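First up is the structure itself, then whatever we jot down about it.
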Amino acid sequence: MNEKTYETLTDFLLQHLQQRPGMYLKEPRLSTLSTFLMGYSVGRYVSQYPYEDDFFGHNGFIQWLGHYKDNPEVDFWEAILMEEAQHDEYRALELFFEYLEKFRSEQC
478 MNEKTYETLT DFLLQHLQQR PGMYLKEPRL STLSTFLMGY SVGRYVSQYP
528 YEDDFFGHNG FIQWLGHYKD NPEVDFWEAI LMEEAQHDEY RALELFFEYL
578 EKFRSEQC
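Those letters in the sequence shown? Residues 478 to 585, by this note's numbering.
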């Protein structure tokens, strides 16, 4: 049996998806990551796993990013990154991982 080597979604994203995005995303762009994360979120919801986690939860990355960028009321977290990346989805994906690493370092 294959054992997980990660504890949280953030661990998975940093340890696996960031290292080999082509294995998980059709194309390494922010919009494909967003679709991947939406699928993950729906899967967690319908499988009745606890929905609160270190990524989507009240103290998770999504909330942290909005506050960190002084934009806690933004409807879509992707918009924060796209604006900073001047609408370059590839650069926005890089920014996503930079901020996710910063979030993780502040949580430790």
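Built from N, CA and C at the ideal position, the CB exists for glycine as well. Predicted, not measured: the structure shown is a model, and the values here were computed from it.
- Under the three-pair Cβ rule at 8 Å, the segment 503 to 520 counts as touching the segment 547 to 564.
- F580 and F538 have their C-alpha atoms some 7 Å from each other.
- Counted as a single uninterrupted DSSP element, the alpha helix (DSSP H) harbouring R581 occupies residues 566 to 584.
- The three-state reading of DSSP puts T512 in helix, counting H, G and I together.
- When secondary structure is reduced to three states using DSSP, S524 falls in the coil class, being assigned neither helix nor strand.
- By the Cβ test, the segment 484 to 491 is in contact with the segment 531 to 545, since at least three Cβ pairs between them sit closer than 8 Å.
- In the DSSP assignment, F532 falls outside any alpha helix (DSSP H), carrying neither H nor E.
- Residues of the same chain with a CB within less than 7 Å of the CB of L572, apart from the 5 flanking positions on each side, are L558, E561, A562 in chain order.
- Straight-line spacing of the CA atoms in Y567 and E504 works out to 9 Å.
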